[in-house]
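Residues are numbered in my numbering as their position in the sequence shown, beginning at 1, plus a constant of 135.
Where a beta carbon is used, it is the ideal one built from N, C-alpha and C, also for glycine.
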Amino acid sequence: MISTECEAIRFYMQPAESTDSKLAKEVLVDIADKERVHAGEFLKLLYHLDPEEENFYKEWKK
136 MISTECEAIR FYMQPAESTD SKLAKEVLVD IADKERVHAG EFLKLLYHLD PEEENFYKEW
196 KK
């Protein structure tokens, strides 16, 4: 699920970064930001269901 949200972020950010339309950029970035929230929500759920996962993440982040 988290990887799907990350792919969605890239899906929206690619055209946002290549458009000259201010409106299109604003809309696409807004949608990508919502996908970032979703990814965070899935991480929170994962850590709740399996607290060991958070330790793996912290180790990787170092």
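Here L163 is buried, its C-beta having at least 16 other C-beta atoms within 10 Å.
Shown here, P150 sits in a helix according to DSSP, grouped into three states. Cα atoms of A151 and E188: separation of roughly 33 Å, rounded to the nearest angstrom. Rounded to whole angstroms, the separation of the alpha carbons of D185 and E170 is 22 Å. Between A167 and C141, the gap from beta carbon to beta carbon reaches 8 Å or more.
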